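Structure, as C-alpha cells:
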Amino acid sequence: MTRRLLGLTALALVPLLVLTAFFVVPVSGMVARGFWPEGSFDPGGVLEVLTRSRTLRVLGFTLWSAAAGTAGSVLLGLPAAYALHRTAFPLRRFLRAALLVPFVLPTVVVGVAFRQLLGEGGPLGGLGLDGTPAAIVLGLVFFNVAVVIRVVGSAWEALDRRAEQAAATLGATPVHVFRTVTLPRLRPAIVSAASVVFLFCATAFGIVLTLGGTRYATVETEIYLLTVQLFDLPGAAALSVLQLAVVVGLLLAARRARTTVPVVRSPSTPRRLRRSDLLPAVVTVLLLGYVALPVAALVLGSLRVDDTWSLANYRALATTGDRQALPVPVTEALLNSLRTAVDATWLALLVGVLVAVVATRRSRSRAERRVRGLLDGLFMLPLGVSAVTLGFGLLITLDSPPLDLRDHPLLVPLAQALVALPLVVRVLVPVLAGVDDRQRQAAASLGAGPLRTLATVDLPVLWKPLLAGAGFAFAVSLGEFGATSFLAREEFPTMPIVIFRLLGHPGAMNYGMALAASVVLAAATAAVMLAVDRLRVSSVGAF
Amino acid sequence: MRPILPVLLAASLTAGCSLVGGSSDEAASDRPDGPTPDEVVLVTHESFSLPKPLVRQFERESGFDLEIRPAGDAGALTTKLALTSDNPTGDVAFGVDNTFASRALDEGVFADLDVDLPEGAGDFVVPADGGERMAPVDHGHVCVNVDVTWFEERGLTPPTSLDDLTDPAYEGLFVTPSALSSSPGLAFLMTTVAAYGEAWPDYWRELLGNGTKVVDGWSDAYYTDFTQGGGDGSRPVVLSYDSSPAFTVPKGTDTSTTRALLDTCFRQVEYAGVLAGADNPEGGRALVEFLLGEDVQAALPESMYVFPVRDGVDLPPAWAEHAEQPEDPFTLDPAEIAAEREGWLEQWRDLATG
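Heads up: the sequence lines are chains V and G, in that order. When we follow the numbering used here, the leftmost residue of the first sequence carries the number 1, and every step to the right adds one. When we follow the numbering used here, the leftmost residue of the second sequence carries the number 1001, and every step to the right adds one.
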C-alpha cells in the first residue's frame, strides 16, 4: 500500500510541480499582497470588501448568469451532440467542426459581431436585447455549447446501443428509453461538461463587459476593476478568495453528481436519421443558425471595403496595418499562434494524461480514493481563477531564480496549457474511468509490465479522446487572449493579440483587417478540428 | 497493438512541429533572457508602436539592443509597474498617462531621470514632479466627435458643447465608453469633473437621462455604435480623440466626415521614465532622450495618433488639416486625480450602472 501511494505520488509529481509553480504560487502571491498591504498582516481591507452589499450583488449576478449560460449550453448541446454523433447525414463532420469554432473566437471579436447584430442599427436590434443580461447569456451559450457537444458527443458515440435496443424491444417509448437507459449512463459526461462550462461562464470577462454594456459586473470584471483601475489590492484579494471558494464548492458538488457509471465501450456506427430524430435535428439546425449569425456578420463585414465587395482586407493581412498599427504582419502572427499552440498542446496533453491516469486508477483504500479525487479536482481550479490575478501573480512571483521566468518564451504556451488542461482532463477522465480494471489486472497477470498494460489496455480506448483533447487544447491556445495579453512579447504576438490591437487603432482599414483576421483565425480552427475528425476516421479500423 | 502506430506517428508529428516552435524560442533566446548591459528593455502599453527604422536608428546610435515588452492598457501597465517596483521587468517605462501618474510616483516606480527636456515639454510635466522622474513624451485630447454628414443630411446643427449633449434635441445620439473599463471613458468622466466641479453628478444624471449610451470600450463605441465607424452604428455623436477626424477622410476627397468638438476636450499626456532598480539605467536614459528627440517626436502622429510635446516639429499634412487641437482643453492636477479617483469612479458607477 505504501508502495502504491509512492507510485501514485511519483506519477502525480510532474503535474503537481507545474500546478504549484504556475498557479498556486502566483495566485497566493497576489492574494498575499491584499492581506499584507503594507508588508504587515492586515485583513481589515479584505473583510471590509466582503461585507459590502455590492460584493453580494456581484456574486449573485455571476452565479445567476453562469447558471443560465450552463443551462442553455446543456439544453441546446445535448440534442446536437446526439444528432452529430449518433446519426449519419451529409456534412456531419463539417458541421461538428464548424460548431466548435465559436469556442475559440476571441471575445473582443464576438462582442463586436454580436453587438452589430443586436445593436440599435443591427438586423436584430428590434429585439431590444443590447446591453441586457439576456445578451450576456446568449453570448455565454454561443461560446460554450461546443464543449457540451464535444464532451457528451464522444461519450454518447461510445455507448453500447444494446441496452437501449433491449429497452425499446420491451416496449419503452424513445423518451422513456432516453430517460431510464441513456441519460444515467451519459450523466458523468454531462456533469463533466456542465461543470467546465459553468466555470467558463463564471469567469467570462470580455463577453460580460461587451454585451452587458458595463452595467452588469461579475466577480471577474470586478477583480479587474479593483486591481487595474482602483489599485485596491485587498479588494481584489477578497474577491479572488471568494471566487476560489465558490469554485471549490461547485467542484465538490459536481463530484458528487458525477457518480461514475462504468462506460461499457462498444464501437457503434452512426445510423441514418429517422423520423424519431426530428426533435434533435430541429434543435441542431436552430443551433447552427444561432452560431452562424454572428460568424456570418464577421465574414460579410470582412468582405466590405468602402461599401463595395472586396478582398482588400485579406490582402492587407500581409501588412502591418494602417500606419503600422502592428509590430508584425498578421500572417506572421498566425504562424506565431500555430507554433505557440503546438507547444501548449503537447504540454497540456503531457500533464493531462498524467493527471487522468492518476485520478482514474482503481483505489485500494478510502484514503487513496480521496487523494485521487483531490488531484482530479485540483486541476480544475485554474479555470476558476481570474486571468488578472494569475497574470499579475506570475509577474510578482516568478521574478527570482530558480524561476525567473517572467519573460521566458515558454511562459505563454505554459499559461495556455494551464487554461486547456481542465478540458483535456475532463475529456480523458470519464473514458479512462470506464476501462474495467480487470482488463489491466489480466494483462498484468499475463506478464505485461505497466507500460505494456498502458499500451494494450488503455491506449486503444484513449486514442480517440486523446485526439479530441489535443484538438481542444490546440483550439483553446489559438483563441486564448486573457493570459496571453499579459505575457506575450512584442515580437511574437498571437492572432487574438493582433486582432485586439487592430480594433484599438482608428482607421477603416484596421477595422476591416481585424474582421478578416478573425475570419482567418476561425477558419484555421475549423481546419484543425476537421483534421482531428479525419484522423479519427482512419483510426476506427484499428479498434 | 495496432493503434500504437498512429499514436507514435502523431507523437512524432507533434514533436516535429514543436521543433518549429522551438526554433522561434531559439530565435528569442539568441539574446540571453536576463537583461544584460547590451540591451535596453522598454515596458509599455499595447498601443505603443515605433517605426522599425527608428528602432534600428536607436540601436545604432546607442549601441544597445532595444527590446519592447507591452502589457495591457495604460492602467494595466501602471499596475504592472507598481507591483514590480522592487524588481522591475525592464529599464524604461513609456505610457503612464496623467490620470495614472500619481500612482506611479507614489509607488516609487521611477528613478531620477537627469534628462534635459526639449523646448515645449515643460508645459506638460506632472506638477508634483516637475519632470524630475517622468518626462512628457506626447499628448493628445479626448474629445466628443460628431458625424458631420449625418447632421447635414438631416439639415440639423450638430452639438458643440458639453451642455448641448443634455439638450433634448440631441436625445439618444451620444455613445461613450465606460469610465470603469476604458481610459478615454475615464478621461471623459474627468472632463465633466473639470467642467462642472462638484455638480458633475447632476450633469451625468441629465446626460444619461437624455439617452446617452455607455458601452465597454472605445473600439466598441466607435466601431459598433458610431455612424462613421464602419459598422451599422446609429449614433452620430461619440467620445473619441482630437486626432480621429484625420482617419475619416474618404478616399479621393479632402474633407473629413467627422469633427472633434474642441470645447469638450480633456488633455492626456503620456510619460516615459527610467525605472528604479533598472539593470541598465544608462541605456534607459539614452532611450528617454531618443523618445524626446526630433525623429521620434515627428513620427508620433503617424505611429501613435498623438501630438509631439517638442516645439517646432512638423505635423503630417492630413493632421495639420483635419486633426485640430483645442486651445484650452480641460485639465486636472494628477494629485487631485489620485486623491479623488476612487470616489469619482464609485459615484459614477452608481449613476451609470444602477
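Just so it is clear, CB atoms sit at the ideal spot from N, CA and C, and this is done for glycine as well. Treat the numbers as computed from the prediction; the structure is a model and nothing was measured.
Asked, Found
"Which residue's Cα is closest to the Cα of Val-1306 of chain G: V:Val-14, V:Pro-506 and V:Pro-15?", "V:Pro-506"
"Taking only beta-carbon positions, decide if Pro-1236 of chain G is within less than 8 Å of chain V.", "no"
"Would you grab the beta carbon distance between Tyr-224 of chain V and Val-388 of chain V for me? Rounded to a whole angstrom, and I think it's under 8 Å.", "5 Å"
"Threshold first: 4 residues or longer. Then list the alpha helix (DSSP H) segments lying entirely within the region 282-319 of chain V, N to C.", "312-315"
"Give the straight-line distance between the Cα atoms of Glu-220 of chain V and Pro-1088 of chain G, rounded to the nearest whole angstrom.", "26 Å"
"Report all residues from its chain with a CB closer than 7 Å to the CB of Leu-1173 of chain G; omit the five preceding and five following residues, and keep chain order.", "Arg-1235, Pro-1236 and Val-1237"
"Cβ closer than 8 Å: which chain V residues qualify as neighbours of Phe-1266 of chain G?", "Result: empty, since nearest Cβ-Cβ is about 17 Å, beyond 8 Å."
"Relative to the C-alpha of Val-1146 of chain G, which residue among G:Pro-1127, G:Leu-1189 and G:Gly-1233 is closest?", "G:Gly-1233"
"For a minimum of 3 consecutive residues, which ranges assigned as the beta strand (DSSP E) are wholly contained in the region 322-382 of chain V?", "none"
"Counting only C-beta atoms, is Asn-1210 of chain G closer than 8 Å to chain V at any point?", "no"
"Ile-1068 of chain G touches chain V at which residues, Cβ-Cβ below 7 Å?", "Glu-490"
"Grab the span of the alpha helix (DSSP H) containing Asp-130 of chain V for me, first residue to last.", "Asp-130 of chain V -> no alpha helix (DSSP H), and no H or E assigned at all."
"I think Met-513 of chain V touches Asn-313 of chain V, with their Cβ atoms under 8 Å apart; what is that distance to the nearest whole Å?", "6 Å"
"For the beta strand (DSSP E) holding Val-197 of chain V, just list the boundary residues, first then last.", "Here Val-197 of chain V belongs to no beta strand (DSSP E); instead the alpha helix (DSSP H) covers 183-202."
"So Thr-1078 of chain G and Val-1096 of chain G are supposed to be a Cβ contact under 8 Å. How far apart are they, rounded?", "5 Å"
"What are the boundary residues of the beta strand (DSSP E) that Arg-406 of chain V is part of?", "Note, Arg-406 of chain V: premise wrong, no beta strand (DSSP E); not H, not E."
"Who are Arg-1069 of chain G's beta bridge partners in DSSP?", "G:Val-1043"
"For Arg-54 of chain V, report the span of its alpha helix (DSSP H) as first-last.", "53-86"
"Does the CB of Tyr-511 of chain V have a neighbour CB from chain G at under 8 Å?", "yes"
"Ignore the nearest five residues each way along the sequence and tell me which others in Leu-1355 of chain G's own chain have a CB closer than 7 Å to its CB.", "This structure cannot settle anything about residue 1355 of chain G, because the visible part of chain G is limited to 1001 through 1354."
"Which residues in chain G have a C-beta closer than 7 Å to the C-beta of Val-228 of chain V? List them in chain order.", "Gly-1075, Ala-1076 and Thr-1079"
"Decide if Lys-1213 of chain G is buried, meaning its Cβ has at least 16 other Cβ atoms within 10 Å, or exposed.", "buried"
"Can you give the Cα-Cα distance for Leu-199 of chain V and Ala-522 of chain V, rounded to whole angstroms?", "23 Å"
"On the three-state DSSP scale, how would you describe Arg-256 of chain V?", "helix"
"Where Leu-17 of chain V and Ala-83 of chain V are concerned, what is the direct C-alpha to C-alpha distance, given to the nearest angstrom?", "41 Å"
"Would you say Phe-143 of chain V faces chain A, with C-beta separation under 8 Å as the test?", "Annotation note: the requested chain A is absent from the structure, which comprises protein chains V and G."
"Comparing the C-beta of Tyr-1305 of chain G with each C-beta of chain V, is any distance below 8 Å?", "yes"
"Taking all protein chains shown into account, do 16 or more other C-beta atoms lie within 10 angstroms of the C-beta of Leu-300 of chain V, making it buried, or fewer, making it exposed?", "exposed"
"Contact criterion: CB-CB distance below 8 Å. Does Thr-1166 of chain G meet it with respect to chain V?", "no"
"Quick check on this structure: which residue in V:Leu-127, V:Ala-168, V:Gln-324 and V:Val-498 has the alpha carbon closest to the alpha carbon of Val-109 of chain V?", "V:Val-498"
"I want to know whether the region 64-74 of chain V touches the region 230-244 of chain V - three or more CB-CB distances under 8 Å.", "no"
"My assumption, with CB atoms under 8 Å, is that Arg-1103 of chain G sits in contact with Phe-392 of chain V. Please give the rounded CB distance.", "Wrong, their Cβ atoms sit about 14 Å apart, outside the cutoff."
"Going straight from the alpha carbon of Val-435 of chain V to that of Ala-189 of chain V, what length do you get?", "15 Å"
"Enumerate in chain order the residues of its own chain whose CB-to-CB distance from Glu-1342 of chain G is below 8 Å, with the five nearest sequence positions on each side excluded.", "none"
"Which same chain residues end up closer than 7 Å to Thr-214 of chain V when comparing Cβ atoms and leaving out the 5 residues on each side of it in sequence?", "none"
"Under 7 Å Cβ-Cβ, which residues of chain G neighbour Glu-120 of chain V?", "Ser-1234"
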